[in-house]
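Working notes, beginning with the structure itself.
Residue numbers (the working numbering): 663 to 916.
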């Protein structure tokens, strides 16, 4: 199911539930009820709870957005390290150079074409990608430099392999959901409480009040969906992309 379809259904459901409760609740209110009798303390508590929940939502959105940015940065570092390995291998003999570049290209092509989908579906890295990176490492470290010029390039190449490996590990850690379950529990309960407090103010069935209640519930549903969509940096609609790989290795782009 498309993420945008999920968003539409969630917002429509939230709006429908709130408006239905408003209508049912209005039918149960006696004709002599006076909405001006709502205690001031209830209005104050409603306002404060709304402010607190808004702060919590803002922090949650900022947290998942920062996690997405960090995930995208690890992808850039990994792609740049692989590009450096391919470029620095220029000083090696043709046979060695071609073997290293072929292994790098095979790894990058697998990451872009296959592992990205695997991460989205399983929330972890694939064993095949790990094996391909290890093959790159072996191609770099097994060669013995024949002269000082090649020797000067050897250690930087090994360092770039280590950078790529470290960035890949970070990518694996960010492959799944980043928001703890207890935070989701607080966000959902907070949403129910915040929306539920609308009814403590004795909302009526006037067009203006129904419109505001519907828009408020839709906004809460949208913000929760936004947090959910950002929560998996590699797994959902607004996710980190493999663009750094395709930019640095345009010949391998699908």
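Heads up, the beta-carbon is just placed ideally off N, CA and C, and yes, glycines get one too.
Do you know offhand how far residue 748's Cα is from residue 766's? 7 angstroms
Could you round the C-beta distance between residue 895 and residue 836 to whole angstroms and report it? I think they count as a contact, below 8 angstroms. 5 angstroms
If the criterion is Cβ atoms closer than 7 angstroms, does the pair residue 826 and residue 743 meet it? yes
Are the CB atoms of residue 715 and residue 856 within a distance shorter than 7 angstroms? Taking 7 angstroms as the cut-off, the Cβ atoms of residue 856 and residue 715 count as close.
Would DSSP call residue 787 helix, strand or coil? coil
Grouping DSSP H, G and I as helix and E and B as strand, with all else coil, what is residue 896? coil
Shortest alpha-carbon distance to residue 892 belongs to which of 829, 710, 685 and 719? 719
Other residues of its chain near residue 924: CB distance less than 7 angstroms, five sequence neighbours each side excluded: Within the shown structure, residues of the chain are numbered from 663 to 916, placing residue 924 beyond reach of any answer.
Residue nearest to residue 861 in terms of C-alpha spacing, selected from 675, 674, 670 and 685: 685
Give the secondary structure of residue 903 by DSSP, where H, G and I count as helix, E and B as strand, and everything else as coil. coil
Can you tell which of 676, 754, 794 and 912 has its C-alpha closest to the C-alpha of residue 810? 754
Residue 850, enclosing alpha helix (DSSP H) - first and last residue: 843 to 858
Using the three-state DSSP reduction, which class does residue 911 fall into: helix, strand or coil? Look at residue 911 here: in three-state DSSP terms it is coil, with no helix or strand label.
With 16 as the cutoff for other CB atoms within 10 Å, does residue 724 come out buried or exposed? exposed
In terms of alpha-carbon separation, which member of 713, 741 and 784 lies closest to residue 839? 784
On a CA-only basis, which of 910, 782 and 883 is nearest residue 851? Give me that one, please. 883
Please go through the same chain and pick out, in chain order, the residues whose beta-carbon is closer than 7 angstroms to the beta-carbon of residue 797, but skip the five residues on each side of it. Hits under 7 angstroms: 765.
Is residue 869 buried or exposed, if buried means 16 or more other CB atoms sit within 10 Å of its CB? exposed
Taking the beta carbon of residue 781 as the centre, do at least 16 other beta carbons fall within 10 Å, making it buried, or is it exposed? Buried, by the Cβ-count rule.
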